[in-house]
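Adding 5 to a residue's 1-based position in the sequence shown gives its number in the working numbering.
Where a beta carbon is used, it is the ideal one built from N, C-alpha and C, also for glycine.
Predicted model, so just to flag it, every value in this text is computed and none were measured.
These notes are about the structure you will find just below.
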Amino acid sequence: GINFCPGVDVENVTTPTPTDHSDRPILFNILVDPAERYPIAFNASEYNIQVPVLQQVVSDHRAHLEPGEPQLNWCDPAVMHWAPPGCEELGKCLKIPPSNPTLCVWPH
6 GINFCPGVDV ENVTTPTPTD HSDRPILFNI LVDPAERYPI AFNASEYNIQ VPVLQQVVSD
66 HRAHLEPGEP QLNWCDPAVM HWAPPGCEEL GKCLKIPPSN PTLCVWPH
């Protein structure tokens with residue numbers, strides 16, 4: 006696989022596979038470990054004191070979120086790349102349709 010962090014290998018942290026650590030967050034003390042190379046052990050008292058505090062902050066934040074209005078949900082077929090460089094020489098340029106901006110939904 007791809008080594009996304011060359012020279013740094015922190016078990017269970019630097020992996021090529023996206024991993025959800027929500028149930029058991031990985032915690033670092035950046036005052037003593039600014040490079041985040043040594044996660045605090047799950048059974049350490051510092052972990053068991055700090056993680057519930059942080060989880061409460063996250064919970065409070067999520068409870069007060071309000072959905073925003075999408076800002077980038079306009080689609081217009083006229084702005085697609087119909088005539089890329091070199092298409093003239095190949096005779097492969099496509100006719101650009103008239104502009105017709107509409108609201109569209111991106112399912113992600």
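Curious, which full-length alpha helix (DSSP H) runs of at least 4 residues does the segment 12-39 contain?
Listed in chain order, nothing qualifies, since the segment 12-39 has no complete alpha helix (DSSP H) run of 4 or more residues.
How many Å lie between ILE54 and PRO21 at the Cα?
Roughly 30 Å separates the two Cα atoms.
Starting from the Cα of ASN48, find the closest Cα among PRO30, PRO89, ASP14 and give me that residue.
Nearest option by C-alpha distance: PRO30.
Measuring CA to CA, which of PRO75, HIS26, ILE45 is closest to ILE35?
Checking every option, the nearest Cα to that of ILE35 belongs to ILE45.
May I have the straight-line CA-CA distance separating TRP87 from PRO103, to the nearest angstrom?
Approximately 12 Å between the Cα atoms of the pair.
What first and last residue would you give for the alpha helix (DSSP H) that runs through ASP65?
Looking at the DSSP string, the run of the alpha helix (DSSP H) that includes ASP65 is 50-68.
Report all residues from its chain with a CB closer than 8 Å to the CB of ASN78; omit the five preceding and five following residues, and keep chain order.
Once the five neighbours on either side are set aside, the close Cβ partners of ASN78 are LEU108, CYS109, VAL110, TRP111.
When burial is assigned at 16 or more other CB atoms within 10 Å of the CB, is LEU70 buried or exposed?
Exposed, by the Cβ-count rule.
Whose C-alpha, out of ILE101, VAL58, GLU93, is nearest the C-alpha of ASP81?
That would be ILE101, whose Cα lies nearest to the Cα of ASP81.
Count the other CB atoms within 10 Å of the CB of LEU99; is the residue buried (16 or more) or exposed (fewer)?
So LEU99 ends up on the exposed side.
With a CB to CB cut of under 7 Å and the five nearest residues on each side skipped, what residues in its chain are close to LEU32?
So the qualifying residues of the chain are PRO44, ILE45, TYR52, GLN55, VAL56.
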